[in-house]
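Protein chains in written order, with this note's numbering: chain A, 8 to 262; chain B, 8 to 262.
Using N, Cα and C, we set each Cβ at its ideal position, and we do this for glycine too.
Comments concern the structure below.
So this is what it looks like as structure tokens:
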């Protein structure tokens, strides 16, 4: 299983992905799911992938071959398109290409991507690209995308994510979302790859592979658990005394 | 969509279910998903249902017809079996019966149940019953079951649920789990039906239908959001300064 998050802020974008892939619970391996293309001063593109590893690797390979093939001939590739929208379309086309080749042999064609970054002349943009090759873009209302095992980590993002957050707070939030996911689904696994893109920097920002013994992550996880339990303890209990409540409108079968 | 929780404590069991059913987003209705059988001083059984409404209603009807048919002839029904295990088996058999009749016409046969309660001579027990008719029982290690849209509400249960909790705290916890689910999935809907069974009482305890304007639920939801944000704010940010971090082991494609 996979869990990846992209969070677009006013100040930039935070990307994170887990690194576990499995083909059954007895065959687990670590693969990176974060892919970067960069041209200093001109563009930074980060692509997070979820789904069948053979499919997602084929998509990445197609995109890289396209870059090599079209370095000089003017045909589009991730390193020369002029907008993030065009870049997202290239990823979608690469997915459709792989689907054409491998899809008929596959029972399930599973692949989804988060593409974010900035190309000179545009603000930073963030897209989610589906297995069908079409895509949606993040907005102020919903500034994040998740792919893979997304449900456990969504409540905290729903409550806290705001475009005006600082990058450090956003990184903390994304790691908390991972913490919830890791606790509830064992097949999403550490380490976590995290990278930051700061708006208008036109180069990749700080990157980090966060291992399971990372002191910050361990402290974050512990502080969050303690804080949740404290908050829980401070809220008054729900006492349903028999006489204080209206009975439910259901008939009881009585002997 | 549906969300139901059963939480077995040392002191009894808390049951809760939402009440929304839908056949597409433009056809939403309220149905109760909590069903009770009771014989004062002898047994209390509570059944929560998720899945195709036609299937789950047929299962309940079969169980009720069985009670009427076997009131005097000694054949087993929910009101005369001697253990909760036997009761769970009856529910499983009812599911298989419905599957035999309606299953072949259905593209997906979706049904799952939580059965809990107490029969004289046994401690309270809690089961999750699958569409296949087989079932598992809650233990001290995992004292709760969820059916339906279970992922959003699982992290808080994982962190806080303990068999030794008081009933009021457990009811609060279950409502928090609903709050997270309701925020993230619009097709799980208020009101929430909640009922409490207190160990060895041999009668159904307090029951409540919690509407969306319920003052306790609104306050709980608000206090929890504020508490989470406070806790979030108190944890230090994750600052990834470029020089303090080891770069990720990925090659960047550079032009």
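DSSP-derived helix/strand/coil call for residue i
i: residue 187 of chain B; result: helix
i: residue 70 of chain B; result: helix
i: residue 9 of chain B; result: coil
i: residue 160 of chain B; result: coil
i: residue 144 of chain A; result: strand
i: residue 45 of chain B; result: strand
i: residue 81 of chain B; result: coil
i: residue 63 of chain A; result: helix
i: residue 166 of chain A; result: helix
i: residue 86 of chain B; result: coil
i: residue 175 of chain B; result: helix
i: residue 193 of chain A; result: coil
i: residue 180 of chain B; result: helix
Test item: CB-CB of residue i and residue j under 7 angstroms
i: residue 156 of chain B; j: residue 188 of chain B; result: yes
i: residue 26 of chain A; j: residue 39 of chain A; result: yes
i: residue 94 of chain A; j: residue 69 of chain A; result: no
i: residue 21 of chain A; j: residue 239 of chain B; result: no
i: residue 198 of chain B; j: residue 215 of chain B; result: no
i: residue 85 of chain B; j: residue 97 of chain B; result: yes
i: residue 14 of chain A; j: residue 181 of chain A; result: yes
i: residue 126 of chain B; j: residue 46 of chain B; result: no
i: residue 55 of chain A; j: residue 41 of chain A; result: yes
i: residue 184 of chain B; j: residue 164 of chain B; result: yes
i: residue 264 of chain B; j: residue 110 of chain B; result: As shown, chain B starts at 8 and ends at 262. That puts residue 264 of chain B outside it, with no answer to give.
i: residue 246 of chain B; j: residue 175 of chain A; result: yes
i: residue 206 of chain A; j: residue 131 of chain A; result: yes
i: residue 140 of chain A; j: residue 103 of chain A; result: yes
i: residue 154 of chain A; j: residue 119 of chain A; result: yes
i: residue 222 of chain A; j: residue 159 of chain B; result: no
Residue interval of the alpha helix (DSSP H) (run including residue i)
i: residue 239 of chain B; result: 222-241
i: residue 207 of chain B; result: That residue, residue 207 of chain B, is in no alpha helix (DSSP H); it is neither H nor E in DSSP.
i: residue 91 of chain A; result: 91-109
Own chain residues within Cβ distance below 6 angstroms of residue i, not counting five before or after
i: residue 17 of chain B; result: 170 and 171
i: residue 78 of chain A; result: none
i: residue 24 of chain B; result: 11, 40, 41, 55 and 200
i: residue 241 of chain B; result: none
i: residue 213 of chain B; result: 203
i: residue 76 of chain A; result: none
Span of the beta strand (DSSP E), counted from its first residue to its last, around residue i
i: residue 216 of chain A; result: 214-217
i: residue 19 of chain A; result: 19-24
i: residue 38 of chain B; result: It is not in any beta strand (DSSP E) - residue 38 of chain B carries neither H nor E in the DSSP assignment.
i: residue 53 of chain B; result: 50-58
i: residue 133 of chain A; result: 132-136
i: residue 113 of chain B; result: From DSSP, residue 113 of chain B is part of no beta strand (DSSP E); its letter is neither H nor E.
i: residue 128 of chain A; result: Neither: residue 128 of chain A is in no beta strand (DSSP E) and is coded neither H nor E.
i: residue 151 of chain B; result: 151-155
Own chain, CB closer than 7 angstroms to residue i, minus 5 neighbours either side, in chain order
i: residue 112 of chain B; result: none
i: residue 90 of chain A; result: 126 and 129
i: residue 210 of chain A; result: 45, 47 and 51
i: residue 218 of chain B; result: 197 and 198
i: residue 105 of chain A; result: 62, 65, 66 and 69
i: residue 122 of chain B; result: 52, 54, 94, 95, 98, 134 and 136
i: residue 88 of chain A; result: 94 and 97
i: residue 107 of chain B; result: none
i: residue 224 of chain A; result: 182 and 217
Cutoff 8 angstroms; reference residue i; Cβ partners in own chain excluding five residues on either side
i: residue 227 of chain A; result: 179, 182, 183 and 186
i: residue 252 of chain A; result: Note that residue 252 of chain A has pLDDT 46, beneath the 50 cutoff, so the model's placement of it is unreliable and the number below is only indicative. Cβ within range, chain order: n/a, list empty.
Residue i Cβ short of 6 angstroms to the ligand ADP heavy atom set
i: residue 244 of chain A; result: In terms of ligand content, the structure shown is empty, and the ligand ADP therefore cannot be addressed.
Next on the checklist: Closer than 9 angstroms between beta carbons: that is the criterion. Which residues of the segment 229-246 of chain A meet it against chain B?
Outcome noted: From the segment 229-246 of chain A, only 230, 231, 232, 233, 234, 235, 236, 237, 238, 239, 240, 241, 242, 243, 244, 245 and 246 have a Cβ closer than 9 angstroms to chain B.
Item to check | Contact list for the segment 158-177 of chain A against chain B, Cβ threshold 9 angstroms | outcome: Per Cβ criterion, the list reads 158, 159, 160, 161, 162, 163, 165, 166, 167, 173, 174, 175, 176 and 177.
Checklist entry - Of all the residues that make up the segment 210-223 of chain B, which are near chain A by a beta-carbon distance shorter than 8 angstroms? => result 211, 212, 213, 214, 215, 216 and 223
Item to check | Contact set between the segment 175-209 of chain B and chain A, restricted to residues whose Cβ is under 8 angstroms from the partner | outcome: 175, 176, 178, 179, 180, 182, 183, 187, 190, 191, 200, 201, 202 and 203
Checklist entry - Just by C-beta distance, which residues in the segment 51-80 of chain B are closer than 7 angstroms to chain A? => result 71 and 74
Checklist entry - Which residues, in chain order, does the segment 129-148 of chain A contribute to contact with chain B at a C-beta distance below 7 angstroms? => result none
Checklist entry - Mind listing which residues of the segment 11-25 of chain B have their C-beta closer than 8 angstroms to chain A's C-betas, in chain order? => result none
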